[in-house]
Amino acid sequence: MDATKLRRAIARTRLAPVAAFPKRLARVARHDAKVLRTSARWLVTSREHHNYTYELTKLSRHHLAWFVSVVCDVPVKQVRAYFAEIESDDVLRRHIESATAGAARRGLADRQVRYARRIGWYAIVRATKPTHVVETGVDKGLGSCVLAAALLRNVADGHPGRVTSLDINPEAGYLARTAPWSEVVDLVIGDSIASIAALDRPVDLFLHDSDHSRAHEKREFEAVESRLAPGAFLLTDNVTATNVLAEHAERTGRRFLAYRETPANHWYPGDGIGVAW
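Letter by letter, the sequence shown follows residues 415 to 691 of my numbering.
Structure (structure tokens):
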């Protein structure tokens, strides 16, 4: 009996789980060894302790481009052009590197600029041309800079817009406090629910990226609902953790779509973007 016939014969016996165990163990060991190597390298080369930054895999970038294309109803080629636009913005990249190196919190930040799924945010803003963007949760301000860069490009194309960035931490947003990006950013320090209630103009695009508890995310979407402009987009950066935005979309008669990123060469499994429109 040749090896193939022998394996097939064993697979039909009670010995099958025992015979398969070494192969299964080897596959798990290879996977875990790769994760351990990646994790060990990150521990000695990165300073980040949350809001991790990384590049996307090539396949994940392709999926993100199609995700934005479908949500915004624009050609995927145009979305890829938006990705290239933000990634080739050397002025923004140098600013982020310089501001990070000189920040008081530089001991907990990587100087290398890596946008990951935020290039999706950028493309959505470029495609939809919102007049008023609101983001909750600012941290260092990397996302705020990305949104501001998109809005500045829109301004140059004749479509003015601003972003209201909300955070409860008075030290948040240091990357977005420099011109020209600060010229389109209104940084508001305070509780996000109270700040949303105080908004003085309609919201065309709302991005939840603050307290990622289910209860708080739900409160934010409920609070902003009455302040949305017709046809507004709702985004969540918490789509891999809760179904809050999908449920909100169903209650309010919107469509919903989710994208999950895949980081390249990073131990973190990644997060994603949820959009209701």
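Just so you know, even glycine gets a beta-carbon here, dropped at the ideal spot from N, CA and C. Quantities reported herein were computed from a predicted structural model and do not represent experimental measurements.
- Here V658 is not near T666, since their CB atoms are 8 Å or more apart.
- In the displayed model, R531 falls within coil according to three-state DSSP, outside both helix and strand.
- In the structure shown, L613 adopts coil according to DSSP, grouped into three states.
- Counting only runs of at least 3 residues, the segment 441-525 fully encloses no beta strand (DSSP E) element at all.
- Of all alpha-carbon atoms in A646, A562, G587, the one lying nearest the alpha-carbon of R576 is that of A562.
- R540 sits in a helix when the DSSP states are folded into three classes.
- Linking A608 to L522 through their CA atoms gives a straight-line distance of about 29 Å.
- A590 is a Cβ neighbour of L601, given a cutoff of 8 Å.
- Note that the C-beta distance between Y468 and R528 is below 8 Å.
- Take the alpha-carbon of L566 and the one of A443: they are about 49 Å apart.
- Boundaries for V653: no alpha helix (DSSP H) harbours it, and the DSSP string shows neither H nor E there.
- By alpha-carbon distance to V653, the top candidate from S512, L619, W691, G686 is G686.
- Per DSSP, the continuous alpha helix (DSSP H) segment holding V638 begins and ends at 628-639.
- Within the same chain, and ignoring the five residues on either side of F481 in sequence, the residues whose Cβ sits closer than 6 Å to its Cβ are Y673.
- In this structure, the straight-line span from the alpha carbon of V493 to that of S483 is close to 6 Å.
- When the Cα atoms are used, W691 and V432 turn out to be separated by approximately 52 Å.
- With a contact defined as Cβ atoms closer than 8 Å, R531 and E675 qualify at about 5 Å.
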